[in-house]
Amino acid sequence: MKRALAIFKSILTYLVVITSVGMMLFTIITMSTVNRHDRSFFGYQIFIVLSNSMKATDFEAGDLVVAKKVDPRTLEVGDIITFQSANPDIYGSVITHKIREIREDNLGYPVFVTYGTTTNIDDLTTVSVARLLGKYQFRIPGVGKFIHFLKTVPGYILCIFLPFFILIVLQGIEAVRIFRAYRKEQLEELESEREKLRQKHEETMKLMEEIKLLREELVAKKSEEDIPKE
992 MKRALAIFKS
1002 ILTYLVVITS
1012 VGMMLFTIIT
1022 MSTVNRHDRS
1032 FFGYQIFIVL
1042 SNSMKATDFE
1052 AGDLVVAKKV
1062 DPRTLEVGDI
1072 ITFQSANPDI
1082 YGSVITHKIR
1092 EIREDNLGYP
1102 VFVTYGTTTN
1112 IDDLTTVSVA
1122 RLLGKYQFRI
1132 PGVGKFIHFL
1142 KTVPGYILCI
1152 FLPFFILIVL
1162 QGIEAVRIFR
1172 AYRKEQLEEL
1182 ESEREKLRQK
1192 HEETMKLMEE
1202 IKLLREELVA
1212 KKSEEDIPKE
């Protein structure tokens, strides 16, 4: 039973450590990469979908979408692109929509007419090359909701603070156990030393008693020898 309990505690500790470190790394990575159009990883960028404008066909609010920087001239009608909106109402917001039409500006660069598949209505402004962030690659369902939750106070407490708190408590319990075991071992060693000293004392007293008896015998024998014989 003790061995099984020890194994369970070890497994629980490892799980808490892995969870705590994993959540910490996940938080650091997401905070520094997700929704950061100025940063990319080997050309890939990650964004949280905020609306259901593409729910009819591809992804929905709360999903993560991964986009990759590409040559704008390689894009075709029907491709899905991620861009910064020029719409005054949502200026600068990151949008991921489908290309309906490709035009050219005065310099010959492509300009994209985009739309959301849910409403099938063209966006109010076109997408220039300067505002293009990348081509949609794939989605990670629901992770965006978790990231949003992680940024809240309950999310921080539940996903980051609580695992580390549990880890600290487990380590504290283990430290107390080790300390008690050490104290017990020290007390056992002290008791053992006391027992050895007691045994030595008894042996010494026994030896002294034997010596005393021997002296008494010698005295008695000498006394008998000193008695004159008739």
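Residue 992 is where the sequence shown starts when you use the working numbering, and the numbers rise one by one after that. C-beta atoms are modelled at their ideal positions from N, C-alpha and C, and glycine is treated no differently.
Where residue i sits in the DSSP three-state scheme
{"i": "ASP1029", "result": "coil"}
{"i": "ASP1062", "result": "coil"}
{"i": "THR1105", "result": "strand"}
{"i": "LYS1142", "result": "coil"}
{"i": "TYR1127", "result": "strand"}
{"i": "LEU1055", "result": "strand"}
{"i": "THR1024", "result": "helix"}
{"i": "THR1087", "result": "strand"}
{"i": "VAL1118", "result": "strand"}
{"i": "PHE1050", "result": "coil"}
{"i": "ASP1113", "result": "strand"}
Beta carbon of residue i nearer than 9 Å to that of residue j
{"i": "ARG1091", "j": "ASP1113", "result": "yes"}
{"i": "ILE1072", "j": "VAL1118", "result": "yes"}
{"i": "LEU1161", "j": "VAL1040", "result": "no"}
{"i": "VAL1056", "j": "ARG1174", "result": "no"}
{"i": "THR1004", "j": "PRO1154", "result": "no"}
{"i": "PHE1017", "j": "ASN1026", "result": "no"}
{"i": "SER1044", "j": "ILE1002", "result": "no"}
Backbone CA spacing between residue i and residue j [nearest angstrom]
{"i": "THR1021", "j": "PHE1050", "result": "19 Å"}
{"i": "PHE1137", "j": "THR1108", "result": "25 Å"}
{"i": "HIS1088", "j": "ASP1029", "result": "19 Å"}
{"i": "MET1196", "j": "ARG1171", "result": "37 Å"}
{"i": "SER1031", "j": "ILE1019", "result": "15 Å"}
{"i": "ARG1185", "j": "HIS1192", "result": "10 Å"}
{"i": "LEU1094", "j": "VAL1120", "result": "Position check: residue 1094 holds Arg in this sequence, whereas Leu was assumed. Distance between the alpha carbons of ARG1094 and VAL1120: 11 Å."}
{"i": "THR1143", "j": "GLY1013", "result": "18 Å"}
{"i": "ALA1047", "j": "PHE999", "result": "47 Å"}
{"i": "ILE1148", "j": "MET1015", "result": "12 Å"}
{"i": "PHE1235", "j": "ILE1151", "result": "Only positions 992 to 1221 of the chain appear in the structure, and residue 1235 is not among them; the question remains open."}
{"i": "PHE956", "j": "GLN1036", "result": "Since the displayed the chain opens at 992 and closes at 1221, residue 956 lies outside it and no answer follows."}
{"i": "GLN1128", "j": "ASP1070", "result": "10 Å"}
Closest Cα partner of residue i within the set the options
{"i": "ASP1080", "options": "SER1001, THR1116 and LEU1181", "result": "THR1116"}
{"i": "LYS1126", "options": "VAL1104, LEU1066 and GLY1135", "result": "LEU1066"}
{"i": "LYS1059", "options": "VAL1167, PHE999, LYS1187 and PHE1033", "result": "PHE1033"}
{"i": "PRO1132", "options": "LEU1178, ALA1121, ALA1052 and ILE1169", "result": "ALA1052"}
{"i": "TYR1082", "options": "ARG1122, PHE1103 and TYR1106", "result": "ARG1122"}
{"i": "LEU996", "options": "GLU1200, GLU1165, LEU1204 and LYS1213", "result": "GLU1165"}
{"i": "ASN1078", "options": "GLU1182, THR1105 and ASP1054", "result": "THR1105"}
{"i": "VAL1068", "options": "SER1084, SER1042, GLN1075 and PRO1101", "result": "PRO1101"}
Beta-carbon separation (whole angstroms), residue i vs residue j, contact threshold 8 Å
{"i": "ASP1054", "j": "GLY1135", "result": "6 Å"}
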